[in-house]
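A.B. asks: Take any residue in the sequence shown, count from 1 to its spot, add 33: that is its number in our numbering.
Let me give you the structure first, and then I'll get to my questions.
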Amino acid sequence: MVMHPVVREEVLLDHHIERLRTVCSLLGDIPCRTYEDIGAETAEVEVLITSWGCPRFHAKVVDRFPRLRLIAHLAGSVKGFIDEEVWRRGIQVTNAVAAQAVPVAEFTLAAILFANKRVFQLRDAYRHHRILRDDSPLWKPWRGRGVEMGNYRKHVGIVGASNVGRKVIELARPFDLTLLVYDPYLTESEALELGAVKAGLAELLSQSDVVTLHAPLLAQTREMIGAGELALMKDGATLINTARGALVDQGALTLELANRRLFALLDTTQPDDLPSDSPLFESDNVILTPHIAGAQGREGERLADLVADELERYRRGDALHHAVRLEHLPRLA
């Protein structure tokens, strides 16, 4: 195991270690911080379990592991961590992206439902006015806009049919929502099988009451939501970002939100840690959370369970369920 010790303490619990010992000869239960820490036993290692805090696995490192056949990454993306040389040498790679997608999708669904009900705005208004009479100022901003509130027959736009995007569609299907999805790699029939309607980006932005971002951060997706795209969104619509802050032009979004035409729920921003003087902290049409949509607390155990499942399949000689393929790497997060 090569990872930060905190991962072992908080994610890989003792019962996970015992389960791993039933499928492999584990080199201790204290993780290494570097590949050099493994010592001479690198020549015997067949499986590496990696996670947050592990060093980059480049070509020179591969040479130290002549028997390596599988890297099981107990975390999300492997891009920027594993060189393509790993796949070229026939080493399989799996990761826990599917497990990490679950809490993000659950967070997103809650954000969608609360956004359409204007829960946070009404909470703030209630806190400010402390009264609920019919003639209270609390309700004056909402009079004449009652039809706009609520989730019934609302349009929700999902940008990116990633693991998270697909999970959001799955969780949202039971609700009376129209789900639109934009993804250049998704066909119309695939979208329908998921339970959504394929749409162009401009169409999705202009029709959706809530737009939620789940695209990977690539050169072609950086700041894909800029001033022009934000201008297409409906008055009163909400933008949710639980993906990467750099998918959005932060300056353009800040200006648009200052005009109070849109709402936003941002779990990720650019930069991830906003400067203390950012106007977003003071905007009552913005909900900011500190990058918490992913696995927190006990949710991390789901990642360890997935990796243990994959190791059991590998030992039996079965196909991995979450293999990361080299040909998919250019469009993965």
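Positions of the beta carbon are idealized from the N, C-alpha and C atoms, including for glycine.
Using a threshold of 8 Å, state whether the C-beta atoms of A285 and L299 are closer than that.
C.D. replies: The residue given as residue 285 occupies position 252 in the sequence shown. The residue given as residue 299 occupies position 266 in the sequence shown. Contact flag unset, no.
A.B. asks: Around the C-beta of K150, are 16 or more other C-beta atoms found within 10 angstroms, so that it is buried, or is it exposed?
C.D. replies: Along the sequence shown, read from residue 1 onward, the residue named residue 150 stands at position 117. Burial call: exposed.
A.B. asks: What is the DSSP secondary structure of N196, reduced to helix, strand or coil?
C.D. replies: Sequence index remark: in the sequence shown, residue 196 carries index 163 (1-based). If DSSP states are grouped into helix, strand and coil, N196 belongs with the helices.
A.B. asks: CB L212 to CB G228, shorter than 8 Å?
C.D. replies: Within the sequence shown, the letter at position 179 stands for residue 212. Within the sequence shown, the letter at position 195 stands for residue 228. Contact flag set, yes.
A.B. asks: Mind checking whether K231 and V214 have CB atoms under 8 Å apart?
C.D. replies: Within the sequence shown, residue 231 is the residue found at index 198, counting from 1. Within the sequence shown, residue 214 is the residue found at index 181, counting from 1. For K231 and V214, yes; Cβs fall inside 8 Å.
A.B. asks: Quick check: the Cα distance between W85 and V40, rounded to an integer number of angstroms?
C.D. replies: Residue mapping note: residue 85 aligns to position 52 of the sequence shown, counting from 1. Residue mapping note: residue 40 aligns to position 7 of the sequence shown, counting from 1. If I take the Cα positions, the gap works out to 7 Å.
A.B. asks: Cβ atoms of E289 and L280: under 8 Å apart, would you say?
C.D. replies: Sequence index remark: in the sequence shown, residue 280 carries index 247 (1-based). Sequence index remark: in the sequence shown, residue 289 carries index 256 (1-based). Going by C-beta atoms, L280 is not nearer than 8 Å to E289.
A.B. asks: Identify the continuous alpha helix (DSSP H) that holds H37 and give its terminal residues.
C.D. replies: Here residue 37 refers to the residue found at position 4 when the sequence shown is read from its first residue. No alpha helix (DSSP H) contains H37, which DSSP labels as neither H nor E.
A.B. asks: Are there three or more Cβ pairs, one per stretch, closer than 8 Å when the region 67-78 is compared with the region 92-106?
C.D. replies: Yes: the two stretches touch, three or more of their Cβ pairs being nearer than 8 Å.
A.B. asks: Per the contact definition of three or more C-beta pairs closer than 8 Å, is the region 323-339 in contact with the region 127-135?
C.D. replies: Output reads yes: the region 323-339 touches the region 127-135.
A.B. asks: Buried or exposed for H247, going by 16 or more other Cβ atoms inside 10 Å?
C.D. replies: The count along the sequence shown starts at 1 and reaches residue 247 at position 214. When all chains shown are included, H247 counts as buried.
A.B. asks: Name the one or two DSSP bridge partners that G190 has.
C.D. replies: As a working note, residue 190 is residue 157 in the sequence shown. BP columns for G190 point to L213 and V244.
A.B. asks: Is it right to say S222 is buried, meaning 16 or more other beta carbons lie within 10 angstroms of its own, or is it exposed?
C.D. replies: Walking along the sequence shown from the start, residue 222 turns up at place 189. The residue in question, S222, is exposed, as its Cβ has fewer than 16 Cβ neighbours within 10 Å.
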